[in-house]
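Which chain is which? The protein sequence lines are A and B, in order. Under the numbering used here, residues 8 to 232 are what the first sequence spells out, in order. Under the numbering used here, residues 292 to 344 are what the second sequence spells out, in order. Worksheet for the structure shown next.
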Amino acid sequence: MFTRLVTSALFAGFVTGLIAALLQLVFVQPHLLHAELYESGQLAHAGAAGSPAHVPSEPFDIQRNGLSILFTALIYCGYALILVAIMSLSEDRGNRITPRQGLVWGVAGFIAVHFAPAVGLPPELPGSAAADVGLRQTWWFSTVAATALAGWLLAFGTSWRAWGAAIVLLAAPHVIGAPHPDTFTGTTPPELVGLFAGAALGVGLAAWVVLGILSAYFWKNSADA
Amino acid sequence: MTTVLAQINTKTATLLFTALLGLSVITFAGHIQAATLHDAAHDVRHATGFPCH
Chain A
8 MFTRLVTSAL FAGFVTGLIA ALLQLVFVQP HLLHAELYES GQLAHAGAAG SPAHVPSEPF
68 DIQRNGLSIL FTALIYCGYA LILVAIMSLS EDRGNRITPR QGLVWGVAGF IAVHFAPAVG
128 LPPELPGSAA ADVGLRQTWW FSTVAATALA GWLLAFGTSW RAWGAAIVLL AAPHVIGAPH
188 PDTFTGTTPP ELVGLFAGAA LGVGLAAWVV LGILSAYFWK NSADA
Chain B
292 MTTVLAQINT KTATLLFTAL LGLSVITFAG HIQAATLHDA AHDVRHATGF PCH
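Written out as structure tokens, the structure is:
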């Protein structure tokens, strides 16, 4: 069973990671590189005077982007291991796992690990002011765990007690609030920050839909070794 | 009965272990702040919405 869990997760995670990396390089990375020009001081945003909305694209950095592809694949393999384990748990309780259902699992996963944390801590561009990284990571992990558990309770709960607990879990991280810095010192134009956050969330949704479908597909089509 | 219980426990342990393995991979690739790891995963951490720096 362990072999089946790991092989289906690795297949699904690795393929998703490659797709996610490609989407990130095309849609997210240009905003990130643009922002680094402000972080390093090569560009300065002067408010009303404006700054260029388009900068020449940088040559493809094989080492930097190669590492990005590798780490994206790693991260989605990690997510797939957790996703397939939870799918299998739900299957033991009578839920059928099909690729069509995997789509819903993928959207739920996106909400748990991208969207819910982004409500308090939107994807940050390099150079943004932020609170202590340890505090943000604690809030991030707590929010993901609470939202994922809420998703399970909403989907598989059968009583108002379960659904009520889900609503409390969904709201709690945002009522408590994410850690934010005392002062905002970002030098990047706000338009760029918005473009980056939107693109990062869009790519996250696309990747998670693929991850959900593929995880269900490989889990369904692999046999116990 | 004992065999059934043992099977259930093994299954739960396997699922838990698989999920923990996944969590370790996420923590390693996305959250540990060691300089080398941070630099290598920098762009992905920003693009994936992990808290970075």
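Ideal placement from N, C-alpha and C gives every residue a C-beta, glycine not left out.
Kindly list, in the order they appear in chain A, the residues whose Cβ is closer than 9 Å to that of residue i.
i	result
leucine 296 of chain B	Chain A residues near leucine 296 of chain B: none, gap ~14 Å exceeds 9 Å.
Assuming contact is defined by CB atoms lying nearer than 8 Å, are residue i and residue j in contact in what I supplied?
i	j	result
alanine 198 of chain A	proline 133 of chain A	Strictly speaking, residue 198 of chain A in this sequence is glutamate, with alanine absent from that position. Contact: no.
leucine 208 of chain A	proline 124 of chain A	no
arginine 143 of chain A	leucine 128 of chain A	yes
Within 10 angstroms of its Cβ, does residue i collect 16 or more other Cβ (buried), or is it exposed?
i	result
glycine 109 of chain A	buried
valine 126 of chain A	exposed
threonine 154 of chain A	buried
tryptophan 146 of chain A	buried
proline 59 of chain A	exposed
isoleucine 89 of chain A	buried
tryptophan 167 of chain A	exposed
aspartate 334 of chain B	buried
histidine 61 of chain A	exposed
Give the interface partners of residue i over in chain B, defined as CB-CB distance under 9 Å, in chain order.
i	result
tryptophan 147 of chain A	His322, Gly340, Phe341 and Pro342
Along chain B, which residues have their Cβ under 8 Å away from the Cβ of residue i?
i	result
proline 130 of chain A	His337, Ala338, Thr339 and Gly340
arginine 71 of chain A	Asp334
phenylalanine 9 of chain A	Thr305, Phe308 and Thr309
alanine 137 of chain A	Pro342 and His344
Could you spell out the range, first to last residue, of the alpha helix (DSSP H) harbouring residue i?
i	result
methionine 94 of chain A	69-99
valine 22 of chain A	9-30
histidine 330 of chain B	What sits at residue 330 of chain B in the sequence shown is aspartate, not histidine. Aspartate 330 of chain B -> alpha helix (DSSP H) spans 326-338.
glutamine 298 of chain B	293-321
leucine 50 of chain A	Note, leucine 50 of chain A: premise wrong, no alpha helix (DSSP H); not H, not E.
serine 64 of chain A	Here serine 64 of chain A belongs to no alpha helix (DSSP H), and DSSP marks it neither H nor E.
Shorter than 7 Å, the distance from the beta carbon of residue i to the closest heavy atom of the ligand ADP, or not?
i	result
leucine 39 of chain A	Of ligands this structure carries none, so the ligand ADP is not represented either.
Find the residues of chain B that neighbour residue i, judging by a C-beta separation of less than 7 Å, and give them in chain order.
i	result
threonine 79 of chain A	Val335
proline 124 of chain A	Gly340
valine 111 of chain A	What valine 111 of chain A touches in chain B: nothing, since even the nearest Cβ is about 19 Å away.
Along chain A, in chain order, which residues have C-beta atoms closer than 7 Å to that of residue i?
i	result
alanine 326 of chain B	Simply none; closest approach about 13 Å.
> For the region 26-57 of chain A, which residues have a CB atom closer than 7 Å to at least one CB atom of chain B, in sequence order?
Replying inline: The region 26-57 of chain A vs chain B, Cβ under 7 Å: Gln31, Val35, Gln36 and Leu39.
> Can you list, in chain order, the residues of the region 303-318 of chain B whose Cβ is nearer than 7 Å to any Cβ on chain A?
Replying inline: If the cut-off is 7 Å between Cβ atoms, the region 303-318 of chain B has Thr305, Leu306, Thr309, Ala310, Leu312, Gly313, Leu314, Val316 and Ile317 near chain A.
>> By the 8 Å beta-carbon criterion, what residues does the region 204-224 of chain A contribute toward chain B?
In response: Listed by position, the residues of the region 204-224 of chain A near chain B (Cβ gap below 8 Å) are Ala207, Leu208, Val210 and Gly211.
> What are the residues of the region 84-98 of chain A that lie near chain B, defined by any Cβ-Cβ distance shorter than 9 Å?
Replying inline: Hits within the stretch, in order: Cys84, Gly85, Tyr86, Ala87, Leu88, Ile89, Leu90, Val91, Ala92, Ile93, Ser95 and Leu96.
> Going along the chain, which residues of the region 176-202 of chain A sit with their C-beta nearer than 7 Å to a C-beta in chain B?
Replying inline: Listed in sequence order: no entries.
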